[in-house]
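See structure below.
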Amino acid sequence: MPIKFLTIAFLLTSIFASAQNKNKVLPAIDTTDFADAAHHWYDIYDKGNIINPLPGKPRYLATQLTAIADNILLYQKDNGGWPKNYDMQAILLPAQKDSLLAAKHQENTTFDNNTTHTQITALAQVYYITKIEKYKAAILNGLRYIKASQYANGGWPQYYPLETNYSRHITYNDDVFSGIMWLLKDIVDGKPAYQFLDVTDKNQLHAIYEKGLDCILKTQINDAGKPTAWCQQYDEITLQPAWARKFEPPSICNGESVEIVLLLMAIKNPDKPIIDAVQNAITWFKQSKILNTKVKTIPAPRLQTPYKISTMDKIVVIDSAAPPIWTRYYELKTHRPLFCNRDS
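In my numbering, the protein residues as written are 1 to 344.
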């Protein structure tokens with residue numbers, strides 16, 4: 001075959017291969033659940049952070065699996081958990097990495113702001129694709145942290161080791177409880193990313209998942225014999241709705257309750273207590289909707305807190321054309337909507 005025909009054939013093959021590569025969908029980490037923590041890191045300065053963001057620095061793409069996974073390993077503490085409010089996709093300088101490595105012994109580990117269960121989930125995605133053993137080891141360490149931090153009654157605190165403030169409460173806020181349970185449900189359901197777990201691990205994790213379900217059922221708020229929904233946080237001993245921050249009163253909290261109901265509805269072949277819990281919560285959602293009302297944002301005096309500056313406030317106004325809305329907090333017993341500012 002003449003040389004020019006060989007050259008043309010080679011070029012055509014190269015062009016075809018290049019087009020195929022361009023159309024190839026690369027595997028990617030689902031980074032959706034990291035967004036809240038990244039927002040806090042970039043937008044709310046915290047002098048307590050081990051490292052803080054540098055201006056104008058790039059971020060890893062979701063398809064850069066091992067780069068993000070290596071970041072996740074840097075942030076993981078020796079006890080298996082993670083601190084909150086960092087960006088797992090940030091491209092870090094060597095000095096920043098050294099600072100994180102030097103702080104491995106610290107125990108400011110938490111489930112708050114979608115932390116720890118999200119890192120474990122991402123590492124499982126990467127390990128499933130790459131089979132790199134260091135990611136498996138980190139997953140197992142993270143799962144040990146989840147097992148160690150569960151209360152005997154099945155709930156989880158915001159922080160573990162336990163602190164002396166409201167973070168000891170069993171917490172549904174910021175997807176603490178539901179986030180852990182979704183991860184455990186994936187394991188119990190035999191999702192492919194967790195097939196590497198041995199029988200002992202699977203059985204232990206199934207047991208703590210069942211304890212978690214039992215705690216969910218026990219904490220559904222029952223007002224005078226009428227089951228409703230759930231609170232953001234509960235006393236870890238009495239299982240009664242409890243105060244957290246000044247603007248987080250013991251109350252019925254529809255936002256957190258929706259995620260709990262979605263979790264319960266995803267269970268295959270649920271038993272009667274779970275079915276009843278879902279049906280009672282849905283009845284509550286229907287009864288608690290607010291009609292002829294909308295929320296309006298208005299200018300307000302400047303308010304500065306350690307984490308943000310606000311110049312706006314929100315009020316409710318009557319509007320007969322408004323679609324149904326729900327408030328975040330409903331008062332216990334009366335079921336009246338509650339409105340709070342930062343000082344309660």
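Beta carbons: idealized from backbone N, C-alpha and C, even for Gly.
Since the structure is predicted, the reported quantities are computational estimates derived from the model, not experimental observations.
Less than 9 angstroms between the C-beta atoms of Y127 and F196, yes or no? In this structure, F196 lies closer than 9 angstroms to Y127 by Cβ.
Taking S320 as the reference, give the member of L217, N292 and A90 with the closest Cα. Of the listed residues, the one whose Cα sits closest to S320 is N292.
Assign F339 to buried or exposed, taking buried as 16 or more other Cβ atoms, counted over all protein chains shown, within 10 Å of its Cβ. Flag for F339 reads exposed.
Could you tell me whether the stretch 104 to 124 touches the stretch 71 to 86, where touching means 3 or more Cβ pairs closer than 8 angstroms? Yes: the two stretches touch, three or more of their Cβ pairs being nearer than 8 angstroms.
Under the rule that 16 or more other beta-carbon atoms within 10 Å means buried, what is I146, buried or exposed? The residue is buried, with at least 16 neighbouring Cβ atoms inside 10 Å.
Helix or strand or just coil, what does DSSP make of Y160? Y160 falls in the coil class under three-state DSSP.
For A62, which three-state DSSP category applies? DSSP places A62 in the coil class of the three-state scheme, outside both helix and strand.
Simplified DSSP state of S251, which is helix, strand or coil: Reduced to three states, the DSSP call for S251 is strand.
Return helix, strand or coil for R168, following the three-state DSSP convention. It is helical.
If you draw a straight line from the C-alpha of T238 to the C-alpha of E133, how long is it? Roughly 42 angstroms between the two C-alpha positions.
What ranges does the beta strand (DSSP E) occupy inside the stretch 272 to 329, keeping only unbroken runs of at least 3 residues that lie completely in it? DSSP runs (the beta strand (DSSP E)) wholly in the stretch 272 to 329: 293 to 304 and 309 to 318.
Please go through the same chain and pick out, in chain order, the residues whose beta-carbon is closer than 6 angstroms to the beta-carbon of G212, but skip the five residues on each side of it. Around G212: G154 and M181.
For K226: DSSP bridge partner residues: In the DSSP output, where bridge partners are listed per residue, K226 has D223.
Rounded to the nearest angstrom, what separates T327 and I91 at their Cα positions? Rounded to the nearest whole angstrom, the C-alpha separation of T327 and I91 is 39 angstroms.
Same chain only: Cβ atoms within 7 angstroms of D175, ignoring 5 sequence neighbours per side: Excluding residues within five positions, the ones whose Cβ falls inside 7 angstroms are N114 and E259.
Considering only residues of the same chain and omitting the five flanking positions on each side of N60, which have a CB-CB separation below 7 angstroms? According to the sequence as given, residue 60 is Tyr; it is not Asn. Here the set comprises A67, I68, Q89 and I91.
Report the rounded CA-to-CA distance for L140 versus L65, giving the unit in angstroms. So the alpha carbons of these two residues sit roughly 19 angstroms apart.
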